[in-house]
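Numbering (the UniProt record's numbering), first residue to last: 1 to 381. Beta carbons: idealized from backbone N, C-alpha and C, even for Gly. Presented below is the structure to which this report refers.
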């Protein structure tokens, strides 16, 4: 019968060696564990590439949103008389002759379009400009009035009669402003508009110093009446388009100016609305576009009317038309007031919500009536 060999108890020296080896192993294990834990902690603290991309996109979205809010604010009005003095102070030997206020106001409107926060946004193809629609429509309205004013300067204000020669600087400014506002390269709209402002400054220099005999400004009643005739059509069209926000045919028909005058010319949208009985309501996604276009036009027209009150002061006084021009300015100031609402509301009639388009149409219709009275006064002998 096999027997297991008897276990001999280890001696004192063997026990010490065993305990020493265990302690050494434990010490090594303890040294390795913290190192492993630290490595694991460092590996887990590194953000993943997906997380980095997400944080970057979130920051970009916040920046784009903030810029969009800042760039969508309407620029403040400027003092036409102060701008006229500033422009003339930069020209040696200049003096404030009639016409310098109108030219200075046109320069101020044009440079506001180019130098306001965000610059000219209508032709932007990158965010946030490409996503904005309120400010680009505001710019288009202001640009429309600027084009009308510069064209009147070229064809009426700077010419004494039909056989007179047009000024080269006024002509070049008109041509440069006629470029498509959506053009963004070769050439860009901003570059062309900047050149137009340079041409207006050259016209202002020649006008205020008398260096060029072709640079003249004739502050006559018939010239002003021709410009006011264009303004009438613009305001009548805007009032009609704004009133269409509720699709009220009777209200739209009441805002049509000069319907009974067979010689009065109408813009295409006014004529079509007259024929078809008023048309339907403006689609909801176009209400704010028309509203901000009207805001831009009235903002630019406000400065031009202030300039007209300066350059045509003698004519207005002789025609007893001071009250009419001041009424136009007051109504345009009302149309350009700062909005408290962040969005354009489109309520109906006396409903729960306001209708900002009808409020704007009311101001514009009052201004249009005053423009009509002023034009009639200018045409009377």
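(message) Given this structure, state the Cα-to-Cα distance separating residue 196 from residue 106, to the nearest angstrom.
(response) Numbered from 1 along the chain shown, position 196 holds the residue referred to as residue 196. Numbered from 1 along the chain shown, position 106 holds the residue referred to as residue 106. Our two residues, residue 196 and residue 106, have alpha carbons roughly 10 Å apart in a direct line.
(request) Would you be able to state if there are at least three C-beta pairs under 8 Å between the region 296-305 and the region 328-335? (result) Yes, the region 328-335 is in contact with the region 296-305.
(message) Please tell me whether residue 208 and residue 88 are closer than 7 Å, where the distance is taken between their beta carbons.
(response) The residue you call residue 208 lines up with position 208 of the chain shown. The residue you call residue 88 lines up with position 88 of the chain shown. A contact, by the Cβ cut-off of 7 Å.
(message) Quick check on the burial criterion: 16 or more other C-beta atoms within 10 angstroms. Buried or exposed for residue 205?
(response) The count along the chain shown starts at 1 and reaches residue 205 at position 205. Classification of residue 205: buried, given that the 10 Å Cβ count is 16 or more.
(request) Could you have a look at residue 376 and say whether DSSP puts it in helix, strand or coil? (result) Against the chain shown, residue 376 aligns to sequence position 376. Residue 376 falls in the helix class under three-state DSSP.
(message) On the CB-based measure, 16 or more other CB atoms within 10 Å of its CB, does residue 90 come out buried or exposed?
(response) By 1-based counting over the chain shown, the position of residue 90 is 90. It is exposed - the Cβ of residue 90 has fewer than 16 other Cβ atoms within 10 Å.
(request) May I ask you to report which of helix, strand or coil DSSP gives residue 341? (result) As a working note, residue 341 is residue 341 in the chain shown. In the structure shown, residue 341 sits in coil (DSSP, three-state: anything other than H, G, I, E or B).
(request) Rounded to whole angstroms, what's the CA-CA distance from residue 68 to residue 169? Just pull it up for me. (result) One-based indexing of the chain shown puts residue 68 at position 68. One-based indexing of the chain shown puts residue 169 at position 169. In a straight line, the C-alpha of residue 68 is about 36 Å away from that of residue 169.
(request) Return the chain-ordered list of same chain residues with a C-beta closer than 6 Å to the C-beta of residue 230, the five sequence neighbours on each side being excluded. (result) As a position in the chain shown, residue 230 is number 230, starting the count at 1. 148.
(request) Would you kindly work out how many angstroms separate the C-alpha atoms of residue 244 and residue 295, rounded to a whole number? (result) As a position in the chain shown, residue 244 is number 244, starting the count at 1. As a position in the chain shown, residue 295 is number 295, starting the count at 1. Separation of residue 244 and residue 295 (C-alpha to C-alpha, rounded to the nearest whole angstrom) is 16 Å.
(request) Taking 7 Å as the cut-off, decide whether the C-beta atoms of residue 225 and residue 311 are in contact. (result) As a working note, residue 225 is residue 225 in the chain shown. As a working note, residue 311 is residue 311 in the chain shown. No; because the gap between Cβ atoms is not below 7 Å, this pair is not in contact.
(request) Put residue 223 into one of helix, strand or coil per three-state DSSP. (result) Position 223 of the chain shown, counting from 1, holds the residue named residue 223. Looking at residue 223 - three-state DSSP - the assignment turns out to be helix.
(message) Let's test the definition: count the other Cβ atoms within 10 Å of the Cβ of residue 365 and tell me whether it reaches 16, buried, or not, exposed.
(response) As a first step, residue 365 must be located in the chain shown, where it is residue number 365. By the C-beta density criterion, residue 365 is buried, having at least 16 other C-beta atoms within 10 angstroms.
(message) Taking 6 Å as the limit between beta carbons, can you name the residues of its chain near residue 239, skipping five residues before and five after?
(response) Translated into the one-based positions of the chain shown, residue 239 becomes position 239. Correct list, in chain order: 255, 361, 364, 365.
(message) At the level of alpha carbons, what is the spacing between residue 309 and residue 56?
(response) By one-based count along the chain shown, residue 309 stands at place 309. By one-based count along the chain shown, residue 56 stands at place 56. Computed Cα separation, rounded: 53 Å.
(request) Compute the distance between the beta-carbons of residue 339 and residue 221, then report whether it is under 7 Å. (result) Counting from one through the chain shown, the residue named residue 339 turns up at place 339. Counting from one through the chain shown, the residue named residue 221 turns up at place 221. No. Outside cutoff.
(message) Checking the sheet assignment: what are the DSSP bridge partners for residue 346?
(response) Translated into positions along the chain shown, residue 346 becomes position 346. DSSP output for residue 346 lists 355 as bridge partner(s).
(message) For the alpha helix (DSSP H) containing residue 158, name the first residue and the last one.
(response) The residue labelled residue 158 in the question sits at position 158 within the chain shown. First-last for residue 158: undefined, no H or E at that position.
(message) Between residue 134 and residue 285, how many whole angstroms is the CB-CB distance? I'm expecting something under 8 Å.
(response) What you label residue 134 is simply residue 134 of the chain shown in a count that begins at 1. What you label residue 285 is simply residue 285 of the chain shown in a count that begins at 1. Contact flag wrong, Cβ pair sits at about 12 Å.
(message) Between which residues of its own chain and residue 152 is the CB-CB distance below 6 Å, once the five residues before and five after are set aside?
(response) Counted from its first residue, the chain shown places residue 152 at position 152. Excluding residues within five positions, the ones whose Cβ falls inside 6 Å are 227.
(request) Rank 287, 306, 369, 373 by C-alpha distance to the C-alpha of residue 358 and give the top, closest one. (result) Here residue 358 corresponds to residue number 358 of the chain shown, with the count starting at 1. Selection 287, 306, 369, 373 evaluated against residue 358 yields 287 as nearest (Cα-Cα).
(request) Spatial neighbours of residue 192 within its chain, please: CB distance less than 7 Å, with the 5 preceding and 5 following residues excluded, ordered by chain position. (result) In the chain shown, counting from the first residue as 1, residue 192 sits at position 192. The residues are 176, 179.
(message) Considering only DSSP beta bridges, list what residue 299 is partnered with.
(response) The sequence position of residue 299 within the chain shown is 299, counting from 1. In DSSP, residue 299 forms no bridge with anything.
(request) Would you kindly work out how many angstroms separate the C-alpha atoms of residue 104 and residue 80, rounded to a whole number? (result) Stepping through the chain shown from its first residue, residue 104 is reached at position 104. Stepping through the chain shown from its first residue, residue 80 is reached at position 80. Distance between the alpha carbons of residue 104 and residue 80: 7 Å.
(request) Enumerate in chain order the residues of its own chain whose CB-to-CB distance from residue 94 is below 6 Å, with the five nearest sequence positions on each side excluded. (result) As a working note, residue 94 is residue 94 in the chain shown. Excluding residues within five positions, the ones whose Cβ falls inside 6 Å are 88, 208, 209.
(request) Just mark residue 128 as buried or exposed, buried being the case when its beta carbon has 16 or more other beta carbons within 10 Å. (result) Taking the chain shown and counting its residues from 1, the one referred to as residue 128 is at position 128. When all chains shown are included, residue 128 counts as buried.
(message) Less than 7 Å between the beta carbons of residue 181 and residue 200, yes or no?
(response) Translated into the one-based positions of the chain shown, residue 181 becomes position 181. Translated into the one-based positions of the chain shown, residue 200 becomes position 200. If you check the CB distance, residue 181 and residue 200 do not come in under 7 Å.
(message) Taking the straight line between their C-alpha atoms, what separation do you get for residue 371 and residue 232?
(response) Here residue 371 refers to the residue found at position 371 of the chain shown. Here residue 232 refers to the residue found at position 232 of the chain shown. Taking the straight line from one Cα to the other gives about 7 Å.
(request) Look up residue 188 in the DSSP assignment and give the residues it is bridged to. (result) Counting from one through the chain shown, the residue named residue 188 turns up at place 188. Partner(s): 184.
(request) Within the same chain, show all residues whose beta-carbon is closer than 7 Å to that of residue 345, passing over the 5 residues directly before and after it, in chain order. (result) Here residue 345 corresponds to residue number 345 of the chain shown, with the count starting at 1. Counting only Cβ-Cβ distances below 7 Å, and skipping sequence neighbours, we find 353, 354, 355, 356.
(message) Is it buried or exposed, residue 320, if we count other Cβ atoms within 10 angstroms and call 16 or more buried?
(response) Within the chain shown, residue 320 is the residue found at index 320, counting from 1. Exposed, by the Cβ-count rule.
(request) Specify the secondary structure class of residue 134 as computed by DSSP and reduced to three states. (result) The residue you call residue 134 lines up with position 134 of the chain shown. If DSSP states are grouped into helix, strand and coil, residue 134 belongs with the helices.
(request) Can you give me the start and stop residues for the alpha helix (DSSP H) that residue 51 sits inside? (result) The residue you call residue 51 lines up with position 51 of the chain shown. Going by DSSP, residue 51 is part of the alpha helix (DSSP H) stretching over 49-71.
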